[in-house]
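Residue numbers (the numbering used here): 71 to 564.
Printed below as a string of structure tokens:
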């Protein structure tokens, strides 16, 4: 058996070389793992041209960032070999025992592709027979390289491949764990597992199940209210009921306060996604263009703009188009194609919203998403909505209805909640910031009964830490009154 190892070191972050509590970095651990693999002839590192990489392996530079280029790199590495072990250079918990089983089964059952399922991401490699690389080359396209490029390429014609799957004895997929050092959230998660001495299959799975309080690190998603006005009073939005006159209010968060919050987030969770606006239409803010540019100017923060599509000034969109936004996603809430149904659900303004969507799609393309909230009133029309928009863009979102813990009428079409309740994803990953900088426990806390602090007066870490006990209570299956009737716990943003 001629076997090679390929380490993907594309876009390796600084966290990959930062020491974990035991003193080693993810890069150190990956090299130890590669050294432990049996019958390896040569080892390669796949990287961008001219990039500095911290691995002492033979280097393969990609011609570009496409999936096709990755398959070409694997073909170069696999010349004269039977098998490729493919892994990522920022995964400190690669597990030799599971990998050994995968290698054995790959050979025993003459598999062409072997992967694991049900484990946390990052503890096993993928195994590929070099004989299938020509077929993968035909299937791969110009889509950018991602962590699931091999599997997604195989999925295009999955019945043509002999696949072997290593199934975890405990399915932890619902926890969405990524044991890799690619950002602050995951680096801290890896540090917590390191401190828990979770280094093998049994201890990793046990820690994931029984120590879920350590899964909460820093926020990955910050939902910030920048204005309390909106051109529409949507039938499923609770804000008019608790926030006053949404159609006429125009109280704004100052740009200076927004800048302070963004700067604090850059320090606390520098790869987080900021969303505008928690309540209120972001287009109505007098300095919205500057706010978008401020987030785009950060090193790694991403921006999500959820809008009705109404109120965007042409000069603002022209200015943003000229600046070439790179890390901003747009979500336009439309809910219905039929004008009468749209008016019932959202109010007036459909024509302007549709013009805005067309303009955004022509300018920002794949960064634009069209959304409908699924509820009783539009259920019969959703298939038409989906098919119509799917012909124009792949980015169509069908969002579940939220009654805000019973504050709004029950209009949910079907119950999608898991059979067994889990700790709330939003308490673990989200931070919700109101107009005055105050932080509520979650978006459902309409009456501000569970304030965690204020980001304009306190340190981010202090405010965030105050939410730990509520999350820990969820882990213990103990739920505060506001959480008992909530079914948003299994939905997630980022």
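Note that beta-carbon positions come from the ideal geometry of N, C-alpha and C, so glycine has one too.
Just to confirm, are residue i and residue j a CB contact at a threshold of 9 angstroms?
| i | j | result |
| --- | --- | --- |
| residue 119 | residue 140 | no |
| residue 563 | residue 345 | yes |
| residue 147 | residue 125 | no |
| residue 295 | residue 382 | no |
| residue 521 | residue 508 | yes |
| residue 135 | residue 74 | no |
| residue 379 | residue 413 | no |
| residue 406 | residue 442 | yes |
| residue 553 | residue 540 | yes |
| residue 248 | residue 162 | no |
| residue 215 | residue 153 | no |
| residue 420 | residue 430 | no |
| residue 337 | residue 530 | yes |
| residue 538 | residue 167 | no |
| residue 243 | residue 192 | no |
| residue 164 | residue 156 | no |
| residue 194 | residue 201 | no |
| residue 306 | residue 500 | no |
| residue 503 | residue 297 | no |
| residue 142 | residue 207 | yes |
| residue 182 | residue 218 | no |
| residue 560 | residue 479 | no |
| residue 117 | residue 129 | yes |
Quick one: give me the first and last residue of the beta strand (DSSP E) that residue i is part of.
| i | result |
| --- | --- |
| residue 183 | 183 to 187 |
| residue 74 | 73 to 78 |
| residue 343 | 343 to 346 |
| residue 198 | 196 to 199 |
Over the uninterrupted alpha helix (DSSP H) stretch that includes residue i, give me the two end residues.
| i | result |
| --- | --- |
| residue 532 | 530 to 535 |
| residue 568 | No answer is possible for residue 568: the residues shown for the chain start at 71 and end at 564. |
| residue 235 | Looking at the DSSP string, residue 235 is not in any alpha helix (DSSP H); the run it does join, the beta strand (DSSP E), is 233 to 237. |
| residue 552 | 551 to 554 |
| residue 263 | 254 to 265 |
| residue 560 | Where residue 560 is concerned, there is no enclosing alpha helix (DSSP H), given that its DSSP letter is neither H nor E. |
| residue 172 | 166 to 178 |
| residue 223 | 219 to 225 |
| residue 204 | 203 to 209 |
| residue 306 | Here residue 306 belongs to no alpha helix (DSSP H), and DSSP marks it neither H nor E. |
| residue 542 | 538 to 545 |
Could you tell me which residues DSSP pairs with residue i in its beta bridges?
| i | result |
| --- | --- |
| residue 508 | 524 |
| residue 214 | 136 |
| residue 503 | 294, 509 |
| residue 322 | 297 |
| residue 230 | In the DSSP output, where bridge partners are listed per residue, residue 230 has none listed. |
| residue 191 | 248 |
For the ligand ZN, any of its heavy atoms closer than 8 angstroms to the Cβ of residue i?
| i | result |
| --- | --- |
| residue 248 | Looking for the ligand ZN in the displayed structure turns up nothing, as the structure carries no ligands at all. |
So, does the CB of residue i fall closer than 9 angstroms to a CB anywhere in chain B?
| i | result |
| --- | --- |
| residue 77 | As a matter of chain content, chain B is missing from the structure shown, which is built from one protein chain. |
| Is the segment 347 to 360 in contact with the segment 267 to 279, if contact means three or more CB pairs nearer than 8 angstroms? | no
| request: Scan the segment 81 to 160 and note each continuous beta strand (DSSP E) run of 3 residues or more that stays entirely inside, going in chain order. | output: 110 to 117, 128 to 131, 153 to 158
| Unbroken stretches of the alpha helix (DSSP H), 4 residues or longer, contained in the segment 269 to 302 | 271 to 280
| query | Below 8 angstroms, can you find three or more Cβ-Cβ pairs linking the segment 396 to 404 to the segment 369 to 382? | reply | yes
| query | Counting Cβ pairs closer than 8 angstroms, one from the segment 454 to 465 and one from the segment 324 to 334, do we hit at least three? | reply | no
| Do three or more CB pairs link the segment 246 to 263 to the segment 103 to 112 at distances below 8 angstroms? | no
| request: Would you mind listing the beta strand (DSSP E) stretches within the segment 412 to 480 that are 3+ residues and don't spill past its ends, in chain order? | output: 438 to 444, 466 to 470
| Three-pair Cβ contact test at 8 angstroms for the segment 444 to 457 versus the segment 482 to 490 | yes
| request: For the segment 364 to 405, list the beta strand (DSSP E) runs that are entirely contained and at least 3 residues long, ordered along the chain. | output: 372 to 377, 398 to 403
| task | Would you check if the segment 162 to 179 and the segment 216 to 226 touch, i.e. whether three or more CB-CB distances between them fall below 8 angstroms? | result | no
| Does the count of Cβ pairs from the segment 492 to 503 and the segment 288 to 299 closer than 8 angstroms reach three? | yes
| said: Check whether the segment 261 to 268 and the segment 76 to 96 are in contact - that is, three or more C-beta pairs closer than 8 angstroms. | reply: yes
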